[in-house]
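Remarks on the structure that follows.
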Amino acid sequence: MLPVHNSERAAMNASVPPLVWIDKLAADAKTWADHLVVTGVIVHCGATPGCDTREEGENAWVTGASNQNQTEQTQMLEGPVSEKKNYNGGVLTPENWYPTGHYTQMVWKSTAQVGC
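Going by our numbering, the letters in the sequence shown line up with residues 398 to 513, in that order.
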């Protein structure tokens, strides 16, 4: 996961620093994923009142597998990376967020950390 994010970031330009892995973000992501399994509804934590990780960005992905092997992780990242063709680096609006939102989050210059 981290190498793909950092590869995409490096392709942007030299001013986009690589991300670092943060175990707390990974733990928060797992807690939220476990919650989604129980509820059976895919919704972003930030859209949920009382969710304590609203300051963390999210890219949600669903798999039927109980374990994510390397192939599944590659497939998971192909979606956001495929949005690159629609990305123009401009100001995000509701109109252009949808086709590029996941990719934008991968390469956002001010983002410094990732966990999954």
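Glycine is no exception: its CB is placed at the ideal position from the N, C-alpha and C atoms.
Cα-Cα separation, residue i to residue j
i	j	result
Pro496	Thr490	11 Å
Thr508	Asn403	11 Å
Cys442	Gln472	23 Å
Gly454	Gln502	8 Å
Val440	Leu433	8 Å
Tyr484	Ala411	18 Å
Val435	Arg406	34 Å
Ala424	Gln510	13 Å
With 16 other Cβ atoms within 10 Å as the buried cut-off, status of residue i
i	result
Pro477	buried
Trp429	buried
Val504	buried
Ala426	buried
Residue i: first and last residue of the uninterrupted alpha helix (DSSP H) it sits in
i	result
Glu452	Glu452 -> no alpha helix (DSSP H), and no H or E assigned at all.
Lys391	Because the chain spans 398 through 513 in this model, residue 391 falls outside it and cannot be assessed.
Pro415	That residue, Pro415, is in no alpha helix (DSSP H); it is neither H nor E in DSSP.
Ser507	Run containing Ser507: none; DSSP gives neither H nor E here.
Proximity of residue i and residue j at Cβ, strictly below 7 Å
i	j	result
Tyr500	Lys482	no
Ile419	Gly486	no
Val413	Lys506	yes
Residue i at chain B interface by Cβ criterion, 7 Å
i	result
Pro415	You won't find chain B in this structure, because it holds only one protein chain.
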